[in-house]
Structures are given as C-alpha cells and as structure tokens.
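Here's the structure we're looking at; comments come further down.
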Amino acid sequence: MRDRSPTALMQCLQDPTLHLVDNVSSDDMPLVLNLFQNRLHEQAEGVELWLEDVKAVIRESLSLIDEAQSACRWLSEINNGLQHKNRHKVVDALCNMPGYQVLEPSQCYLHLLSLKAKKTAQSKCTWVSHTLESGRNVFL
Numbered sequence: 001m002r003d004r005s006p007t008a009l010m011q012c013l014q015d016p017t018l019h020l021v022d023n024v025s026s027d028d029m030p031l032v033l034n035l036f037q038n039r040l041h042e043q044a045e046g047v048e049l050w051l052e053d054v055k056a057v058i059r060e061s062l063s064l065i066d067e068a069q070s071a072c073r074w075l076s077e078i079n080n081g082l083q084h085k086n087r088h089k090v091v092d093a094l095c096n097m098p099g100y101q102v103l104e105p106s107q108c109y110l111h112l113l114s115l116k117a118k119k120t121a122q123s124k125c126t127w128v129s130h131t132l133e134s135g136r137n138v139f140l
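Here the sequence shown is numbered in UniProt numbering, starting from 1 and rising by one per residue.
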C-alpha cells in the first residue's frame with residue numbers, strides 16, 4: 001500500500017494464506033488501491049487496516065464494479081436499439097432500468113433518438129460519464 005502500486009497490491013491480495021481474492025481482476029486494482037487509500041485516510045493516524053477492513057474494501061469494489069458493468073450493459077442495449085431503430089428493444093431496456101418511472105414509451109424513444117443524434121453531432125468521444133449510487137463517476 002505504501003508504494004501505491006496496483007501490481008504489488010494484487011500480489012498481496014492473491015497471497016493464498018489470506019484466502020481473499022479470486023474475483024478482482026488486475027484491471028480493477030487502481031480502484032481497489034484508491035478505496036484502500038481512502039480507508040487508510042479515514043483511520044486514526046498510526047492505525048493499520050485489519051482483515052475486516054480489507055474484506056470490506058474488496059466487497060465495496062466488487063459492488064462498484066458490478067454497478068458500473070450493469071450501467072454499461074443497459075446503456076449498450078439502449079444504444080444498440082437506437083442504432084438499429086428497434087423501438088421494442090429500447091422500450092424493453094427502459095422498462096428494465098433501475099428506478100424506472102412510468103413514461104410514455106413512444107415519447108422516450110423519440111427523445112432518445114434525438115439525444116443520440118445530438119451527442120453524435122457534438123462529440124467524437126465514445127465515452128459517456130455515469131454517476132454511481134455512491135457518487136463516484138465512471139466512464140462507460
């Protein structure tokens with residue numbers, strides 16, 4: 001942790017004596033490292049992290065990763081439906097959206113088509129910013 005190396009952190013977490021990690025990939029280590037650093041800052045000075053802290057950080061990181069992946073899949077379904085002009089697919093994805101509110105499906109579809117055209121015209125960037133429930137921003 002002190003050298004702030006995701007590679008070193010991954011090696012520590014994969015130590016078989018700890019029986020900790022088999023779900024966190026090396027791609028996710030920067031997030032895990034950031035969460036560990038935040039946890040250390042929350043601790044009183046000189047206090048080390050305990051095994052419970054490590055497990056809590058891993059659970060939190062897996063939860064954040066799962067939430068971001070779900071948002072990415074949902075956005076991909078919407079985008080794919082809009083790209084292929086498949087109104088049914090877009091409406092299904094909207095109805096499966098977490099926190100879905102009753103909206104007029106045809107109006108939603110037309111509004112999304114308009115937003116997609118506007119984004120395509122304004123930006124060449126393929127990334128979309130998304131805010132997780134925790135308040136963290138991710139780019140999908």
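Cβ atoms here follow ideal geometry from the backbone N, Cα and C, with glycine treated the same way.
Predicted model only: the values in this text are computed from it and were never measured.
- The residue among Gly46, Leu94, Thr7 with its C-alpha nearest the C-alpha of Asp27 is Thr7.
- Here Asn38 carries a helix assignment [DSSP, helix/strand/coil].
- Residue range 87-95 is occupied by the alpha helix (DSSP H) that includes His88.
- Look at Asn137 here: in three-state DSSP terms it is strand.
- The distance from the Cβ of Leu20 to that of Val54 is about 7 Å, consistent with a contact at the 8 Å cut-off.
- Under the DSSP definition of a beta bridge, His130 partners with Val138.
- At the C-beta level, Leu132 and Glu67 come within 7 Å of one another.
- The closest CA to that of Thr17, considering only Asn79, Val128, Ser61, Leu51, is found on Leu51.
- In this structure, Arg87 places its C-beta atom within 7 Å of the C-beta atom of Tyr109.
- Straight-line measurement puts the Cα of Leu62 at about 8 Å from the Cα of Asn23.
- Ser123 and Ser114 have their alpha carbons spaced roughly 14 Å apart.
- For Pro30, the CB contacts under 8 Å within the same chain, skipping 5 residues up- and downstream, are Pro6 in chain order.
- Going by DSSP, Gln69 is part of the alpha helix (DSSP H) stretching over 51-83.
- Leu13 and Ala44 have their alpha carbons spaced roughly 23 Å apart.
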